[in-house]
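Since the structure comes first, as structure tokens, the remarks are kept for the end.
In my numbering, the protein residues as written are 101 to 827.
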């Protein structure tokens with residue numbers, strides 16, 4: 101059989117498949133030779149594609165989310181069946197994507213237009229780890245693990261989500277409508293985990309084991325909404341609920357050293373290990389807007405969310421001894437987690453004059469942690485950081501924004517705005533991390549825009565923000581001693597930020613469009629003490645170029661390029677450091693001079709570009725290609741401000757990705773044809789953190805598991821498919 105006959109045979113086979121699918125919907129269909137071009141434009145189009153794809157190499161990255169991780173053949177199946185009953189206005193839509201892969205999607209929509217609609221969706225989402233694990237761990241995927249250094253083999257962990265969604269919409273008439281939606285997502289598999297501890301003096305008392313967390317959970321959501329809409333008022337109110345159920349409550353472990361089961365006094369045993377607890381949340385909300393005039397509109401939202409967690413505490417299995425204390429002294433069997441969140445928002449937009457428009461809004465959020473606070477363990481009164489009482493964490497956020505937009509004339513437009521955000525947090529008496537009760541960040545924005553011509557628009561914006569807050573609270577140990585923690589967390593530290601943004605949009609000819617963006621941000625942090633410990637400086641730059649060129653109605657080219665460069669400088673006091681004297685909250689000058697201060701200059705740079713296009717070569721042949729490249733580099737520069745020897749920079753971490761995609765589509769008939777796809781994907785990784793990673797203990801109990809990733813992966817994918825359309 102020659103190529104032409106084979107192509108015709110493929111078309112006939114697809115015609116039969118399409119006819120079988122169309123039979124699901126009891127409406128008349130029309131083949132291409134039965135309709136003219138006008139009918140093809142006015143009637144819904146249905147199509148089906150069947151084919152086969154081939155992957156030439158086993159891989160971790162290319163198929164990580166595509167379900168194409170193994171070499172071999174794969175089925176390529178897509179379909180779109182769209183039908184409409186002209187007499188009743190009822191639509192039938194059946195959509196399928198990747199039906200031959202583990203990333204399959206299937207959706208069904210049915211209902212008379214403007215009256216009601218029923219939808220059903222199914223989706224699978226796999227994820228394969230990019231790391232290869234050589235381990236003797238037994239029981240992976242279950243909650244009963246045995247740590248062993250014998251019988252090692254290579255393992256690649258993966259997870260898979262299966263999601264089903266059911267939706268219903270109904271027009272109730274007189275501007276009223278209602279919506280219901282239910283989703284259920286099951287997640288199974290395993291992912292990287294581990295345990296480790298250090299007790300006593302010397303390296304021989306350090307224990308590390310590789311573990312795999314079993315994934316067997318369910319997330320269920322419900323939503324019900326009723327809405328009213330007319331020319332003036334838009335109003336909606338409803339309920340949204342979610343429930344997370346983890347079918348594994350604890351990880352039970354054997355092997356790996358007796359020290360994980362019975363450890364020296366003061367150290368919590370690491371068997372069993374609790375897994376994420378089940379929880380649920382319920383939200384009731386109302387939102388909407390009102391048009392006072394054609395130029396003035398108000399909007400609002402009010403929501404109340406109740407989140408709870410009531411899983412029972414896990415119990416030690418037989419033979420495991422808790423040597424910390426006699427155990428849980430609270431008398432409680434569960435945490436009783438309870439958090440109430442209130443959200444309120446109101447906004448106003450208006451255009452009082454043809455040249456001036458104004459925007460103002462207020463947002464308030466109150467996260468009230470009502471979890472009961474109890475003392476769970478009887479920790480000895482010494483220089484440790486906790487007394488066994490769980491800490492509740494509540495905060496309030498108040499945010500306000502105003503912005504004015506004024507047309508100056510001669511093509512200029514000025515935009516000015518102010519935004520302020522204040523956060524208040526509760527605090528605990530005993531802490532090891534620096535803390536302040538409130539922070540306040542104010543931002544000012546000034547932007548000048550200009551339409552320079554009918555084809556060129558540009559803008560320059562300047563934003564300044566300043567964050568400060570209440571005094572940092574003095575850290576104290578359980579025995580009342582002052583802690584030496586002088587570092588302010590980056591999200592709490594005082595910060596000045598300067599940001600400049602330039603943008604332009606140019607269309608020199610109708611077929612060509614260019615967009616350019618340049619952005620520069622500089623951060624300056626203030627430290628708790630004059631030594632500058634913690635974050636010191638930060639900066640980021642972004643350059644972006646996008647270009648699109650249309651050769652004709654069916655052919656176009658596009659190209660883009662970006663460079664992102666982020667830097668930060670921070671410092672810490674390494675080694676033994678002093679603490680304030682009794683009755684003092686700060687170090688003396690002499691004590692400050694003894695600190696061994698190290699700085700780290702961190703930099704992450706990403707360069708990426710892409711070019712592509714598609715063209716209609718002839719009436720029957722269409723081709724396309726894209727080439728994408730990205731290079732990511734992380735640098736770690738260390739320095740000792742005292743000038744002592746021993747400073748060593750960490751190696752750079754580099755990742756490169758090159759992807760080439762080619763396709764061609766040839767029409768054998770007006771409604772049928774063939775498609776060819778080719779993908780070349782190359783990944784290079786120079787990451788020292790995963791070159792020699794090994795779980796070792798300085799005892800005979802070390803399991804010696806290693807984790808690695810391939811430094812080079814090259815994958816070729818070839819796909820051949822045939823399509824068929826009908827009306």
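A virtual CB, placed ideally from N, CA and C, is assigned to each residue, including glycine.
Source: prediction; values computed, not measured.
| Asked | Found |
| --- | --- |
| How is residue 820 classed by DSSP in three states: helix, strand or coil? | strand |
| Under a three-way DSSP split, which group does residue 692 fall into? | helix |
| Assess contact between the segment 538–556 and the segment 508–526, defined as three or more Cβ pairs (one per stretch) separated by less than 8 angstroms. Is contact present? | yes |
| Taking the alpha carbon of residue 561 as the reference point, which residue from 569, 773 and 513 has its own alpha carbon closest? | 513 |
| How about residue 699 and residue 739: do their beta carbons lie closer than 8 angstroms? | yes |
| Determine the extent of the beta strand (DSSP E) in which residue 552 is found, giving its start and end residues. | Run containing residue 552: none; DSSP gives neither H nor E here. |
| Under three-state DSSP, which class holds residue 114? | Here the model assigns residue 114 a pLDDT of 45, short of 50, so the residue's position is not dependable and the matter cannot be decided. |
| Between the alpha carbons of residue 813 and residue 228, how many angstroms are there, rounded? | 15 angstroms |
| Got a sec? Which residues, its chain only, sit under 6 angstroms from residue 436 by beta carbon, not counting five neighbours each side? | 472 |
| Are there any heavy atoms of the ligand ZN lying less than 7 angstroms away from the beta-carbon of residue 819, as far as the coordinates show? | With respect to the ligand ZN, the structure shown offers nothing to examine, as it has no ligands at all. |
| Residues bridged to residue 813 by DSSP? | 783 |
| In chain order, what residues of the same chain lie with their CB nearer than 6 angstroms to the CB of residue 461, ignoring the 5 residues before and after it? | 447 and 501 |
| Taking residue 377 as the reference, give the member of 325, 390 and 316 with the closest Cα. | 316 |
| Under 8 angstroms, do residue 463 and residue 439 count as touching if we go by C-beta distance? | no |
| Would you identify the three-state DSSP class for residue 188, choosing helix, strand or coil? | coil |
| Report the three-state DSSP secondary structure of residue 807 (helix, strand or coil). | strand |
| Rounded to a whole number of angstroms, what is the C-alpha to C-alpha distance between residue 619 and residue 778? | 36 angstroms |
| In whole angstroms, what is the alpha-carbon distance linking residue 589 and residue 288? | 36 angstroms |
| By the 10 Å Cβ neighbour count, where 16 or more other Cβ atoms means buried, how is residue 173 classified, buried or exposed? | exposed |
| Going straight from the alpha carbon of residue 712 to that of residue 195, what length do you get? | 28 angstroms |
| Determine the DSSP secondary structure at residue 825, reduced to helix, strand or coil. | strand |
| Please classify residue 510 as buried or exposed, where buried requires at least 16 other C-beta atoms within 10 Å of its C-beta. | exposed |
| Quick one: is residue 156 buried, meaning 16 or more other Cβ sit within 10 Å of its Cβ, or exposed? | exposed |
| Can you tell which of 279, 158 and 180 has its C-alpha closest to the C-alpha of residue 269? | 279 |
| Contact check, residue 391 vs residue 332 under 8 angstroms by CB: the rounded distance? | 5 angstroms |
| Taking the runs of the beta strand (DSSP E) that are 3 residues or longer, which of them lie wholly in the segment 322–366? | 333–346 and 350–355 |
| Starting from residue 660, trace the beta strand (DSSP E) in both directions and tell me its first and last residue. | 655–674 |
| Is DSSP giving residue 789 helix, strand or coil here? | helix |
| Output yes if chain C places a C-beta closer than 8 angstroms to the C-beta of residue 252; else output no. | The structure shown contains no chain C; it holds only a single protein chain. |
| Which of the three DSSP states, helix, strand or coil, is assigned to residue 757? | strand |
| Please state whether DSSP places residue 128 in a helix, a strand or coil. | In this prediction, residue 128 has a pLDDT of 44, which is less than 50 and means its spatial position is unreliable; nothing more can be read from the coordinates. |
| Out of curiosity, what's the CA-to-CA distance linking residue 224 and residue 759? | 25 angstroms |
| Relative to the C-alpha of residue 241, which candidate in 166, 340, 350 and 191 has its C-alpha closest? | 350 |
| Please give the ranges of any beta strand (DSSP E) in the segment 210–241, keeping only runs that are unbroken, at least 3 residues long and fully inside the region. | 216–228 and 232–235 |
| Between the segment 542–556 and the segment 605–622, do three or more beta carbon pairs fall short of 8 angstroms? | yes |
| Could you give the C-beta distance for residue 624 and residue 596, rounded to a whole number, given that I count them as a contact under 8 angstroms? | 5 angstroms |
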